[in-house]
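K.L.:
So that we are looking at the same thing, I have put the structure below in structure tokens.
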Amino acid sequence: MDLPQILGKRIRYYRKQKHMSLRQLADIICKSVSTLSKYESGQIVLDITTLYDIAHAFHLPVEQLLYHEEIFMSPTEKDSYIPAFFHDVTRLYLYFFDGRSHELVRGVCDISEKVSPQTYKVNMYVNIDSYEYYQNCENTYHGILKHFDALSTLELVNRDTDMDKYIIHIPASYINSPTKWALDLSISCRPIMPIAGKTLFSKEVQDETKEFIQSLLFNKEDYKRLRNLNFLSII
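Set out below in structure tokens:
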């Protein structure tokens with residue numbers, strides 16, 4: 009499938025999600041139904057102005073319509089400090105268990121361009137509907153990933169409310185492994201309160217077995233450290 013077809017498929021998906029007919033969307037963006045149909049089938053390449061018009065009609069940021077290709081890049085000599093866990097990684101999958109709804113929550117973290125030494129732009133999508141359309145999610149966060157000697161830190165803000173700041177610490181990121189535990193600090197909106205929890209970051213999509221879901225819960229060792237230190241911690 010080429011890029012126009014992928015983009016057209018995404019437009020059709022979000023149009024259906026918004027319960028809009030071809031005629032309704034065509035009228036909003038001032039195009040014919042035939043032209044819009046060709047956009048969705050990939051027969052016509054979208055121009056940037058029309059793409060923004062469609063995003064506006066859906067009340068979505070334009071990047072949510074774009075195709076984000078996962079590209080693995082070798083670190084340059086200047087970026088040799090990149091921790092081993094993040095080498096050649098531009099996408100991570102995240103998982104945590106929400107005790108309010110008693111459900112597994114999935115997410116995707118896209119790592120993009122470098123903005124300063126050891127600092128990268130990040131978009132994170134939490135409580136996703138599917139891995140194919142992961143930008144269609146409950147919460148979208150924008151921010152940065154910073155690498156330090158002992159850990160890596162994500163500093164994120166909810167796209168829809170500045171109150172919801174998401175801080176995630178990934179300890180020992182200099183050690184390579186398929187997955188990493190992290191401690192996250194954020195705001196719960198149901199009810200509104202500051203919270204801290206543990207999140208699993210993975211380089212691959214995980215099999216959601218009962219054992220896997222159980223591993224996301226705080227265990228005896230977590231509670232033991234909490235009793236001894238009076239701090240919630242992840243090691």
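Position in the sequence shown counted from 1, then plus 8, gives you our numbering.
Glycine residues also receive a C-beta, built at the ideal position from the N, C-alpha and C atoms.
1) Which residue comes first and which comes last in the beta strand (DSSP E) that contains Ile206?
2) Measure the Cβ-Cβ separation of Gln126 and Tyr89 and say whether it is below 8 angstroms.
3) State the Cα-Cα distance for the pair Asp230 and His155, rounded to the nearest angstrom.
4) To which residues does DSSP link Val165 through a beta bridge?
5) Once you ignore the five residues that flank Arg18 on each side, which residues in its own chain have a CB closer than 6 angstroms to its CB?
6) Considering only their Cβ atoms, is the gap separating Trp189 from Leu208 smaller than 8 angstroms?
7) Excluding the 5 residues preceding and the 5 following Thr148 in the sequence, name in chain order all residues of the same chain whose CB lies nearer than 6 angstroms to its CB.
8) Once you ignore the five residues that flank Val41 on each side, which residues in its own chain have a CB closer than 7 angstroms to its CB?
9) Can you find at least 3 beta carbon pairs, one from the segment 195-215 and one from the segment 102-115, that sit closer than 8 angstroms?
10) Compare the C-alpha of Cys197 against each of Ile62, Val53, Val123, Asp170 and name the closest.
11) Leaving out five residues before and five after Ile175 in sequence, what residues of the same chain have Cβ atoms less than 8 angstroms from its Cβ?
12) What's the C-alpha gap between Asp96 and Ser210?
P.N.:
Concretely, from the data shown:
1) According to the sequence shown, residue 206 is Lys rather than Ile. Residues 200-210.
2) Taking 8 angstroms as the Cβ cut-off, Gln126 and Tyr89 qualify as a contacting pair.
3) Rounded to whole angstroms, Asp230 to His155 spans 25 angstroms at the Cα level.
4) In DSSP, Val165 forms a bridge with His150, Lys173.
5) So the qualifying residues of the chain are Leu73.
6) Less than 8 angstroms separates the beta-carbon of Leu208 from that of Trp189.
7) Contacts found: Tyr133, Arg167.
8) Leaving aside the five residues that flank Val41 on each side, the residues in its chain whose CB is nearer than 7 angstroms to its CB run, in chain order, Leu30, Arg31, Ala34.
9) By the Cβ test, the segment 195-215 is in contact with the segment 102-115, since at least three Cβ pairs between them sit closer than 8 angstroms.
10) For Cys197, the closest C-alpha among the options Ile62, Val53, Val123, Asp170 is that of Asp170.
11) Excluding residues up to 5 positions away in sequence, Thr161, Leu162, Glu163, Leu164, Asp192, Leu193, Ser194 lie with their Cβ nearer than 8 angstroms to the Cβ of Ile175 in the same chain.
12) Going from the Cα of Asp96 to the Cα of Ser210 covers about 13 angstroms.
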